[in-house]
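The next block holds one structure in the form of structure tokens; read it before the comments.
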Amino acid sequence: MRALLRTIFAALIGGLVVFGATTYLEVPQEIKYVREVSSKPATGFLAKLGGETLTPQEIYEKYSDGVVHIRATVTSNYDDYFGLPIPDNKVSSGSGFIISDEGHVITNAHVVGGAQKIEIQLADDTVIPAELVGVDQSTDLAVLKANFRGHKSTVLSLGNSKDVKVGQSVLAIGNPLGLDRSMSSGIVSALKREIRAPNGLPIKEVIQTDTAINRGNSGGPLISAEGRVIGVTAQIATEGAGNIGIAFAIPSSTVKKVFKEIKETGKASHPWLGIFGTTIFPEMSEALELKTDTGVMVVSVLTPSPAQKAGLKGAEKIWRFRGTPYEVGGDIITKINKIKVSTMDDLQEAIGKQRVGEEINIQVLRNNKQKSIKISLEERPADPPISR
Numbered sequence: 012m013r014a015l016l017r018t019i020f021a022a023l024i025g026g027l028v029v030f031g032a033t034t035y036l037e038v039p040q041e042i043k044y045v046r047e048v049s050s051k052p053a054t055g056f057l058a059k060l061g062g063e064t065l066t067p068q069e070i071y072e073k074y075s076d077g078v079v080h081i082r083a084t085v086t087s088n089y090d091d092y093f094g095l096p097i098p099d100n101k102v103s104s105g106s107g108f109i110i111s112d113e114g115h116v117i118t119n120a121h122v123v124g125g126a127q128k129i130e131i132q133l134a135d136d137t138v139i140p141a142e143l144v145g146v147d148q149s150t151d152l153a154v155l156k157a158n159f160r161g162h163k164s165t166v167l168s169l170g171n172s173k174d175v176k177v178g179q180s181v182l183a184i185g186n187p188l189g190l191d192r193s194m195s196s197g198i199v200s201a202l203k204r205e206i207r208a209p210n211g212l213p214i215k216e217v218i219q220t221d222t223a224i225n226r227g228n229s230g231g232p233l234i235s236a237e238g239r240v241i242g243v244t245a246q247i248a249t250e251g252a253g254n255i256g257i258a259f260a261i262p263s264s265t266v267k268k269v270f271k272e273i274k275e276t277g278k279a280s281h282p283w284l285g286i287f288g289t290t291i292f293p294e295m296s297e298a299l300e301l302k303t304d305t306g307v308m309v310v311s312v313l314t315p316s317p318a319q320k321a322g323l324k325g326a327e328k329i330w331r332f333r334g335t336p337y338e339v340g341g342d343i344i345t346k347i348n349k350i351k352v353s354t355m356d357d358l359q360e361a362i363g364k365q366r367v368g369e370e371i372n373i374q375v376l377r378n379n380k381q382k383s384i385k386i387s388l389e390e391r392p393a394d395p396p397i398s399r
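Position in the sequence shown counted from 1, then plus 11, gives you the numbering used here.
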């Protein structure tokens with residue numbers, strides 16, 4: 012029961028279970044590749060881009076050349092009857108989109124993870140090799156690079172996912188079930204969802220859409236009415252294997268950060284603090300006679316972690332509110348580098364903006380007394396410790 016009350020900052024668990032499962036969207040290379048595009052524009056979807064009014068058909072014509080079909084080959088060996096190694100090639104496919112004039116392509120990590128060979132099929136059906144620049148399992152994003160010179164291609168621009176509103180129209184272009192550069196339309200159904208990355212850690216601020224997304228759409232763009240990529244399609248919620256109108260896209264704000272870091276260093280950086288925490292609420296503040304009614308109370312400190320090395324203190328007792336037990340008595344984080352922290356989301360956002368190796372100043376209330384603690388942030392381990 013206590014575990015259910017913890018808001019996880021250390022990113023040990025996460026994921027959204029809807030109708031039984033969330034499903035990755037790459038497909039085995041067993042389907043014949045065909046071109047299938049509807050020429051009939053949808054109604055009720057008009058946008059302005061640079062003063063130009065666009066229909067879905069015009070958006071497709073303008074940007075579909077920037078969407079690519081990715082084929083990833085994973086080779087493993089097994090022994091035959093005589094003990095001789097026999098290579099076994101498994102090819103899966105997904106989607107991606109061109110994001111720079113230098114030939115960078117964004118896709119999902121689960122599309123290309125572990126692949127020994129990656130190929131990209133372009134709008135003119137040409138197949139070219141691609142190099143893996145870097146993979147970030149924690150956000151399920153990967154960056155490829157290919158030479159598009161001499162081929163028809165279009166660079167897609169990232170929009171600002173923080174400006175996205177529930178109910179706005181969106182389009183997805185990708186390769187569902189191997190059907191090249193298919194387009195579907197819908198709306199943004201919800202914001203701030205959470206899904207699970209391939210390494211089990213949570214991906215936050217995810218966009219939910221009812222746009223038809225199926226296997227093979229993984230890594231493709233979710234495009235706003237303004238013609239900007241606001242997300243990367245990654246998973247669907249399903250009772251079986253098909254689309255039921257609940258799909259998830261990794262927000263462009265996350266894509267921008269990860270792309271920049273992978274492009275510069277070959278990997279993405281994820282600083283961490285190493286705590287379990289919970290957001291203070293007014294009833295808790297009043298009952299415990301706290302000198303603040305906002306902030307994040309440290310429930311437990313992981314060992315080893317930056318928080319543990321800096322001496323942050325976790326909960327010491329149990330407080331019950333309306334029949335629910337809460338672990339209380341730990342440090343209450345109120346500021347990071349003079350920026351107010353009111354909720355767990357504030358804390359996560361503040362830490363996410365820092366870089367590994369940076370020293371931050373955290374203001375806490377310990378036994379209702381102000382205390383300043385300096386913490387040197389470290390790279391979040393692939394398998395964070397769970398001891399307290």
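Think of the CB as a built atom: it goes at the ideal place given N, C-alpha and C, for glycine as much as any other residue.
None of the values given here were measured: they were computed from a predicted structure.
Of the residues L212, T244, K203 and A321, the one whose Cα lies closest to the Cα of T222 is T244. Straight-line spacing of the CA atoms in K302 and K73 works out to 57 Å. According to the DSSP assignment, L152 belongs to the beta strand (DSSP E) that extends over L152 to K156. One thing to note: G107 has its Cβ within 8 Å of the Cβ of I81.
Ranked by how close their Cα comes to the Cα of G170, the residues I241, Y337 and A321 have I241 in first place.
Counting C-beta pairs with one atom in each stretch, the region 125 to 133 and the region 260 to 275 have fewer than three that are closer than 8 Å, which means they do not touch.
In terms of Cβ geometry, P282 and R333 do not form a close pair [threshold 8 Å].
For E205, the uninterrupted beta strand (DSSP E) run begins and ends at S193 to R207, by DSSP. Note: S235 is bridge-paired with V181 in the DSSP secondary-structure output.
Take the alpha-carbon of S280 and the one of D136: they are about 36 Å apart.
Sequence-distant partners of S353 (beyond 5 residues in either direction) whose C-beta falls short of 6 Å from its own C-beta, in its chain, are T305. For E216, the enclosing beta strand (DSSP E) stretches over residues P213 to T220. Annotation for A245: the continuous beta strand (DSSP E) segment containing it runs V240 to A248.
Between K382 and V375, the C-beta spacing is below 8 Å. In the DSSP annotation of this structure, the continuous segment of the beta strand (DSSP E) that includes F287 starts and ends at I286 to T290.
Counting only runs of 4+ residues, the alpha helix (DSSP H) found wholly inside the region 316 to 360 occupies 317 to 321, in chain order. Per the C-alpha coordinates, the member of L323, E300, W330 and K156 positioned closest to V309 is L323. The Cβ neighbour count for F159, taken over all protein chains shown within 10 Å, is at least 16; the residue is labelled buried. Contact between L152 and N119 holds, since their C-beta atoms are separated by about 7 Å, short of 8 Å.
Remark: C-beta atoms of V177 and I117 do not approach each other more closely than 8 Å. DSSP places T118 in the uninterrupted beta strand (DSSP E) bounded by H115 to T118.
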